[in-house]
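Here the structure is laid out as structure tokens; the discussion comes afterwards.
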Amino acid sequence: MPRSRRSRAIATAESSLPALSVLALVDAAIARGERASLHEWTALARDAVRCGRSDVATAQAYAAACSVRLAG
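First residue of the sequence shown: 18, per the numbering used here; consecutive thereafter.
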């Protein structure tokens, strides 16, 4: 299973809103043709799963971090 699908499966199984928000942004970036490091994106999603929180505020914070990385 490719790394991005594995990350999504883990995030879904853990009901991790932060990780799912990061992965949604990554999907959108890939659809736009952006080619930043997938390793960096999946690492951020993995960190989001491991943070142990699944609330909207945490999801928004991880989404903001992902946006900064996408822009950088």
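Note that CB positions come from ideal geometry on N, CA and C, so glycine has one too.
Membership of Glu57 in the alpha helix (DSSP H) is indicated by the continuous run 55-67. Relative to the Cα of Ala36, the nearest Cα in the group Ala88, Cys83, Leu87 belongs to Cys83. By the CB criterion at 8 angstroms, Val39 and Ala65 fall inside the cutoff. The beta carbons of Ser24 and Arg63 sit about 7 angstroms from each other, so the pair counts as a contact at 8 angstroms.
In this structure, DSSP gives Ser84 a helical state, which the three-state scheme calls helix.
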